[in-house]
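Protein chains: 6
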Amino acid sequence: MIELFQVNKLISAALDEDIGPGDVTTQSILDGSELGRAAAIAKSDLVVAGMDVFKAVFLFVDSSLSFSGNFKDGEKAPQGETLAEVSGSLSSILKAERVALNFFQRMCGIATAARSFAEAVKGTKAIVVDTRKTAPGLRILDKYAVEAGGGRNHRFGLYDGVLIKDNHIEAAGSITAAISRARQKAPHTARIEVEVKNIDEVREALCAGADIIMLDNMRIEEMRQAVFLIYGKALVEASGNISLDNVRGVALTGVDLISVGALTHSVKAADISLLVKRT
Amino acid sequence: MIELFQVNKLISAALDEDIGPGDVTTQSILDGSELGRAAAIAKSDLVVAGMDVFKAVFLFVDSSLSFSGNFKDGEKAPQGETLAEVSGSLSSILKAERVALNFFQRMCGIATAARSFAEAVKGTKAIVVDTRKTAPGLRILDKYAVEAGGGRNHRFGLYDGVLIKDNHIEAAGSITAAISRARQKAPHTARIEVEVKNIDEVREALCAGADIIMLDNMRIEEMRQAVFLIYGKALVEASGNISLDNVRGVALTGVDLISVGALTHSVKAADISLLVKRT
Amino acid sequence: MIELFQVNKLISAALDEDIGPGDVTTQSILDGSELGRAAAIAKSDLVVAGMDVFKAVFLFVDSSLSFSGNFKDGEKAPQGETLAEVSGSLSSILKAERVALNFFQRMCGIATAARSFAEAVKGTKAIVVDTRKTAPGLRILDKYAVEAGGGRNHRFGLYDGVLIKDNHIEAAGSITAAISRARQKAPHTARIEVEVKNIDEVREALCAGADIIMLDNMRIEEMRQAVFLIYGKALVEASGNISLDNVRGVALTGVDLISVGALTHSVKAADISLLVKRT
Amino acid sequence: MIELFQVNKLISAALDEDIGPGDVTTQSILDGSELGRAAAIAKSDLVVAGMDVFKAVFLFVDSSLSFSGNFKDGEKAPQGETLAEVSGSLSSILKAERVALNFFQRMCGIATAARSFAEAVKGTKAIVVDTRKTAPGLRILDKYAVEAGGGRNHRFGLYDGVLIKDNHIEAAGSITAAISRARQKAPHTARIEVEVKNIDEVREALCAGADIIMLDNMRIEEMRQAVFLIYGKALVEASGNISLDNVRGVALTGVDLISVGALTHSVKAADISLLVKRT
Amino acid sequence: MIELFQVNKLISAALDEDIGPGDVTTQSILDGSELGRAAAIAKSDLVVAGMDVFKAVFLFVDSSLSFSGNFKDGEKAPQGETLAEVSGSLSSILKAERVALNFFQRMCGIATAARSFAEAVKGTKAIVVDTRKTAPGLRILDKYAVEAGGGRNHRFGLYDGVLIKDNHIEAAGSITAAISRARQKAPHTARIEVEVKNIDEVREALCAGADIIMLDNMRIEEMRQAVFLIYGKALVEASGNISLDNVRGVALTGVDLISVGALTHSVKAADISLLVKRT
Amino acid sequence: MIELFQVNKLISAALDEDIGPGDVTTQSILDGSELGRAAAIAKSDLVVAGMDVFKAVFLFVDSSLSFSGNFKDGEKAPQGETLAEVSGSLSSILKAERVALNFFQRMCGIATAARSFAEAVKGTKAIVVDTRKTAPGLRILDKYAVEAGGGRNHRFGLYDGVLIKDNHIEAAGSITAAISRARQKAPHTARIEVEVKNIDEVREALCAGADIIMLDNMRIEEMRQAVFLIYGKALVEASGNISLDNVRGVALTGVDLISVGALTHSVKAADISLLVKRT
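The structure is reproduced here in C-alpha cells:
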C-alpha cells in the first residue's frame, strides 16, 4: 500500500519539473474554459499498477477534474482497453498528461514484467522478489509495482534487513566473522542473510547460522546441490542474471526466493496513450 | 552540463531513501575504521555518462573519500574496463555503493542507447532527440545522459518550447487556429512546433506558418513526401515508434530530427559492478 | 496563468516569515471567536493582478474564511473601489492581512506600471516585455503581473531562451562566433537572440543569422536605422534605460519589442488597504 | 547581521528559478574552460548593502571563483566605482550574474533610500524605521539593508512585537480594552505599541499605559501636540505617507521614530552592472 | 494558538520517520477494509494539551477518519477518562497511533507539569514561565503546552527578546556596558532583561536601566532583598534549579516571574493509551 | 552511527527555530570581532552521547570555530568534568549555545538513563531495548543515544519489523490468524514478533510460530513461567511499566529483551552548562 502523503511529494516535484513557470503551449492556445474528456488506452497487453498515482496527478493539478479508473492494480488489461477516464478542464488535463503517464507507464511496465516472472515460476515453491536497484527517489513506487505485478518485496533499504554481500565478507575477513558480528550487533528483529558463491561457502554460512542464504550467480546444478544441503535450515535465495529465459529452471532447483534486479533497473514502460476529446 | 547544486538534492533524497535510519549490515559488521578501495567495472561495453554524479554520491556520504574517474562522459568504455576508483573508509564506500550505481547505471544505460541511435543515423542529416518521457524527478539527469551519448535534447518541459500536439489541435478546433493563437500569445523567443498525421495536415501547418513540423507515426513514403513539401520552410521532426531497426530508414527520408521516447522511458541499465578490496 | 500548487509554496514561506511562532498581538487581544468582514480598498487608481494569490493567502491561513473578488486580473480599478471582501474569523483575517497585501500590492503595482507602458506604445507595432530583473524567488508572480498589466513576458530564465549578451560575445570572441556556436548546440526549439551596440554589430548579427536582434542602449536615430536594415529578417528588440518618458519615441522607430527592467526591479507597490469591521 | 545558512536557502531557490535545467546560452557558446574577470560597477551613487550575499551567489554556483569586495555594507559608493570583482570560470560568472545582481541591486537600492531618509532627519532625535511591508520571502534581506543604510528595524513579524492597529481596536472594542488584554496576555518581554488617529486617542492610550504610541497619518500640528502630551511617558512613532519631502518636518515635531513603508514596498533597484573581460 | 499549517510540517516529518516505506505489520495482517473505533484513555490524572495535534495526525494519515475530542486543552482529565475517540479504517488508525500518541503524551505531560507549578504558586503574584530549553524542532508545541497548562511563555527564540546573560556580560565587559549597548541597538519594541548573580549586580542593573532583572540561582533571602530593592522599577524573574519543592518559597519572595527549564527539557510523558475495537 | 547529512537537517531546523531573523541580544551587544572560548561542563555525572551533534551545531553556525571533545560517546563523565571546548568568535558561540546544548543534554540524558538500566541487568542474559516512543522528528538521535548508553535498538519504525500488538490481534481475530497472515505476506527478511498478555496466549503464539514473543505487563511469576515454556523456541521480550526499581527482577526471569519506553518518552536532560570566557 502506498501512503498518498508520500506520493504527493513525488508528484509535486515531477510537476514542478515538467510545468516549471507554465505550460506555454496550452496557455497560448486555450483560454482555460474548454472542457473535455480523456481516455487512457492500453496500446498493448499490460498489468495495471499505480492507478491511484495516475489519478492523483490529475487531481493535484486541478482538484475539480473527475476521474474514474476501470481497473484495479494487479489486474490484466488487454490491448485496446480504456484503463481510466478523466474529464473536466481541458487545460488541466493537458498540463497533467505527461507527468501522469510517466508515473503510470513506468509502474504498469514494472508490474507487467513482474507478472511475467511470477507466471514463469508458477507451480514451483519459488517467489520472485525485487532488489534495491530502483530509480533514485522512486523506490516506493517501483517496489509497489513489483508487488502489484505478483512479485514480492525484498528489503526496502539498508535499514530494514541484514544482507551480507561479498564486499562485506571481504571487509570482515570471512563469512563466519561477518555473520557472528551481525548476530551480536544487528537488530534482534532482523533475519540475517548472506551471499555465497559456491558450495563451500554454503557450508560455512550454514555453520555460522545464517537465516537466509543467497546463491550468487551459481550454475543450476550447484544451486540444486545447495538447496539439498540447506534444506530446512535456512531460506534460499537465487540471484544474478536472472531472465525470463532462465527463471523457471532456477525455480525448479527448489530455491525459496529469486531476486531479479532487471524488474526495476531496466524497466520497459507500458504503452499507454491518452486520447482527448473536446466536449 | 549539470549544476551540482541541483544534483545534490537528488542525491540527498536517494540516500535518505536507501540508508534511512542507518545501514544495519555495515554498522554491525564493520567498526568504521576499515579502509579499502573499490573499482567500478564495466561488465559490458557502454558509453559513460554521469561520472560527476557517481563521484558526488560517494563524496556526499563521506567527503574524505578519494575518487578518480578514468573516463569522461561521452567516452566509450569496453567490457572489463575500470571506469573509476574510490578509496577510503570501507563503511562509507559500502553505504554509498548502491545509490551511486543506481544513478550511474541508469545514466550510462541511457547514453549507451543514445549512442546506438546516433551511430545508426550517421552520415544522414538527422539528429536524434529525446522527449519528456523521463523518470519523474530525474529529467535533468536523463536528458544530460542523452546528450552525453550523442543525442540532442528536445524541450525540457512544458515551459521552454511550444509543441502543439493532436490533443491541442482537438482543443483549438484546427491546426490553423492553434498555430495562429500560439503565434499571438506564445513567447517571442520560442519557435512553434506542430504535430501532424498526414500530408494534408503538413500543408495546413506550412500555410499556418509552423517553424517545426512533427510527423507523427507516418509511413516512410509519406515522410519522404512531407520532407519534399516542407523543404526549407520549416524543420522536420519524425516521431512515433522509432527503434534501432527503423531509425536509419527514417533518417534517410531527409528529416532534421528524430525523437525517441524509448531513450528515457525504457532504459536498460548499463551493467556495472563495484569490486571492493580491503586495504 | 499561475499554478496554485506553486504559489502555495511561496505563500507558506511568507506566512512562516511573518507569523513565525504566533501573532502575539492578535492572540492576546482576541479570543478567536470574533467575526468580522474586511474590504480591500484601492487608495489610488490601479490595475488588478494577483487576485487569486490575495485570496489564497487568506484561505491558507483559514480555509473557513469566505472571499469574494470584485475585479478580474487586468481590470482597472479606480481609487476608492472595493477590490475584494473577506469575512469570517477576525483573528484569521488579521493574521493573513499583511502577507496577503504584500503579495497583492506588489503584483498590482507591477500591473499598473505595465499598463502605463502598454498604453504609451498604443498604436505602434511595439510590445512591451519584461526581463529577468525580478525579486529573487518571486519571478513567477512578477512576470504574471506584467502580463496581467498588458505587457508580455520575455524568457523566464536562462533555460528557455538563447540570449547572447555582450558578456557572451566577449567570451566567444565575436558575434559571428557566438551565434554560430549557439546555432549548432542550442535547442532547436529556441530562437537565437543577440545583443548589439551599434549598426556594424547589427550587420554582423544579420549575416550570422540571428533570429532576434536586441539594440542595447542605442540612440533613437540609430534604432531607426537598425530597424530599416533588419526589416523582416529578424525581430528587433530595444533595451536599456527605457522609461515612460521615452518609450513611445522608441516604439515609433518600428522595433517589435521593448524590454523594460524597471517593470520588476523597481516596483512601486499599489496603494491598497484593508478596512476591517467587527460583525 | 545575516546568518549565511539562512541566506543560502534564498540563493538556492533564486538560482533554481533562474537557471532551471541549465543556461542554454552559456552552455552552447562556452565550453567551460574559458576564464575571465568581472567587475561590478556602480552606475550611479549608492549605499552598499548585501556584499556578502552578492559574493555568496557566485560561490554557490562555483566555489572555485575568487571574489573581492571593495566596499563594506553601509559605505557610500560614488558612480563609476568598482564595487567588487570576481574572477575564474567565465561560464560560472555568467550563470550567477543575474541572480547575484538581483539580490545586490535590491539591497543597495533599499540601503540607498534608507540613507536618504536617515540624512533627512539628521540632527533631530527621530530615527527612521522600516515596516513589515517587504517582498514576500525576502524580509530578512530587506530589513538588513534598511539597517545597513542607516535606518533601524521595527519588529520582524507578528511574533516579536505587540502592535495594536486600528483593526485590532475595532475588534477589541476600544483602545483601553485592547491594551489591557495585551498587558495581561502578551509576553512580558514585549513593549506594547498602539496606533492612534487623533489627540483623544493619544490620551486614552496614555491612560491605558501604552509603551509606544504610533501616530497614524496625523497632521504636523497634531503630532506636535501629541508629542507634547506624551512627553517621556511613552515612545512616539509617526507613521503613514512619509516621504523624503515631508520626513524632516515630521522629525522636527519631536517624535522618536518614523516608520516608512516605502523603504521596502517600493524599492528602486540600485543601478549596478557587471563588466566581464575574458582573460 | 498553534497555526495548523506549521504543525502539519511536523506531523508529516514524524509520519515519514515512523511509517517510512510502509507499515509492514498492518499491511500484512489487515486488508484495509476493516473498520474500528479507538479510545484514547488517560492512565493517570493529566492536563490536556494538543488535542488538535492529536486529531490532525489521524486526519493526516486518512482524512476519512472521524474524530471527537472529549476535553479542551487546559482541562484536567482524571485517570480512566476517555480523552478522545477516533473511528474508521482500522489500518489507518493503527498507522497513526504511535505518532499521534508521541505528540499528545509529550504535550499533555508538559501541560500537567506546568499546572503543578502554576498551582504551587497560586495566591502569590508570581507567574511560571518556560525557557528555550525545548526539544529541537518542537518548540512551538512545547511552549503551547506550557501555556495550556497554566504557565506563560518567555521569549520564543533569540529574535524576540533581549536577554543579557552572564556570557554576554563577560563578552561586553560589564552589566552597564551590555545594557547601554543593548538600549542603543536593540529593537525599540523589546524590553531589556539582564541576568544577575548577587545584590551588587542587581544595583548595577537597576542603575543601567534594565526593564527586567533575572535573579540567577540566588538564595531565597537574597531574592527577597533584590525584590525589595527593585520594587516597581523593573520586573523581577527568578531562575535556576526551580523545582516543585522550592517554587512556592521562591514565589513568596515577591518575584514577578519564575522560569523553569525542566518544564520542557525534562518532560515526563503523560500516560495515555489507545484502546482499539474492531466494529 | 549517525549520518551527518541527516543530522544537518535537524540542526538547520533547530537553528532556524531559535535564531529566526537574528539574535537581537548578541547583535546589539557584540560587534562580531570578539573572541572567546567556551567549556561545556558536566554539572552532574553523566554518560556522553551526541558529541558529534554538539560539535556540528557550532560548526553549522560558524565553520571557523574550533572544537575539541574530551570524551567519546558512551564514556562516563563525572560531575565537574569539561566535556568539550569550543573557541573562536564569541558571537557565533553565543548564537549556537542553546541549540547545541538542547541536542546534547537530551542525548546525554538518554544515554545516562540507558546506562543505568544496562547496569541494573548486568550479569543476566537480558538486554535493554528502546521503543518507538521518541520525540517526533528526533528518533534517529534518541535511538542513537540509547545505544551509546549501552542499550540496544528495537525496530526504528513501522517499516523495519513486524510487531503484532493487541490492537492488531483484535483486528485480525486471533493470535493465530495474525501470525499466519504475517508469515504469508510480511517481508521474508523480518522476524515476526507478537505481544501476549498471559500464558494461554504464550502457548498460542508458540504454536503459531512466532519468532519473538513479547510479554506485556505480566507479573514476574508469569514471566518466569513463560520463559520456561518458550525456552529456545523464540526470543522473549518483557514490556510494560519497566523502571529501574523492577528491571533486575524482570531480567532474572530469563527474558532475552526488556523494552523501556521511558528511556525516550520521559527524558531527563543531563545537566550541562557552557562557561564562556572572552580572550
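Protein chains in written order, with our numbering: chain A, 11 to 289; chain B, 11 to 289; chain C, 11 to 289; chain D, 11 to 289; chain E, 11 to 289; chain F, 11 to 289. Backbone N, C-alpha and C define an ideal beta-carbon position, used for all residues, glycine too.
Asked                                                                                                                   : Found
For residue 78(B), the residue or residues it bridges with in DSSP                                                      : 95(B)
Neighbour flag for residue 113(D) against chain F, beta carbons, 8 Å                                                    : no
Reduced DSSP secondary structure (H/G/I, E/B, other) of residue 268(D)                                                  : strand
For residue 271(A) and residue 143(A), believed in contact at Cβ under 8 Å, the rounded distance                        : 4 Å
Residue range of the unbroken alpha helix (DSSP H) whose run includes residue 233(C)                                    : 230–240
Those runs of the alpha helix (DSSP H) which lie wholly inside the region 13–61 of chain D and span at least 4 residues : 14–29 and 34–39
Cβ of residue 198(D) within 8 Å of any chain E Cβ                                                                       : yes
Three-state secondary structure assigned by DSSP to residue 205(D)                                                      : strand
Interface flag, residue 84(C) vs chain D, CB-CB below 8 Å                                                               : no
Where residue 158(A) sits in the DSSP three-state scheme                                                                : helix
9 Å Cβ cut-off: residues of chain A touching residue 264(F)                                                             : Those do not exist, as residue 264(F) stays about 16 Å from chain A at its closest Cβ, beyond 9 Å.
Residue 203(E) beta carbon less than 8 Å from that of residue 224(E)                                                    : yes
First and last residue of the uninterrupted beta strand (DSSP E) at residue 279(C)                                      : Note, residue 279(C): premise wrong, no beta strand (DSSP E); not H, not E.
Inter-residue Cα distance where the pair is residue 38(F) and residue 171(E)                                            : 12 Å
Interfacial residues, the region 24–36 of chain C to chain E, with Cβ spacing under 9 Å                                 : 25, 26, 29, 30, 31, 32, 33, 34 and 36
Contact list for the region 144–167 of chain F against chain A, Cβ threshold 8 Å                                        : 162, 163, 164, 165 and 166
Residue 171(D) at chain E interface by Cβ criterion, 8 Å                                                                : yes
Environment of residue 135(C) [buried if 16+ CB atoms lie within 10 Å]                                                  : exposed
Alpha carbon of residue 185(B) to alpha carbon of residue 222(B), nearest angstrom                                      : 13 Å
Neighbourhood of residue 50(C) by C-beta, 6 Å cutoff - its chain only, sequence neighbours within 5 removed             : 93, 94, 282 and 284
Endpoints, the alpha helix (DSSP H) within which residue 192(F) is located                                              : 185–195
Residue 121(E) versus 268(E), 40(E), 61(E) and 263(E), residue with shortest Cα-Cα distance                             : 61(E)
Residue 178(E) versus residue 66(C): straight-line alpha-carbon distance, rounded                                       : 44 Å
The alpha helix (DSSP H) enclosing residue 176(B), as first and last residue numbers                                    : 176–182
Members of the region 250–284 of chain F that neighbour chain A once the beta carbon cut-off is set at 7 Å              : 267
Distance between beta carbons of residue 125(A) and residue 159(A), contact taken as under 8 Å                          : 4 Å
Contact set for residue 150(B): own chain, Cβ-Cβ below 7 Å, skip 5 residues either direction                            : 12 and 16
Reduced DSSP category for residue 85(F) - H, G, I as helix; E, B as strand; rest coil                                   : coil
Cβ contact check for the region 103–114 of chain A and the region 30–48 of chain A: 3 or more pairs under 8 Å           : yes
CB contact flag (residue 258(F), residue 131(F), <8 Å)                                                                  : yes
Cβ-Cβ distance between residue 182(B) and residue 112(B) below 8 Å                                                      : no
Inter-residue spacing [alpha-carbon to alpha-carbon] between residue 141(D) and residue 288(C)                          : 25 Å
Proximal chain C residues relative to residue 46(D), where beta-carbon distance stays under 7 Å                         : 181
Residue-level contact to chain A via CB, residue 100(F), 8 Å cutoff                                                     : no
Anticipated Cβ contact below 8 Å, residue 206(D) with residue 215(D), distance rounded                                  : 5 Å
Per-residue DSSP class, three states only, for residue 165(F)                                                           : coil
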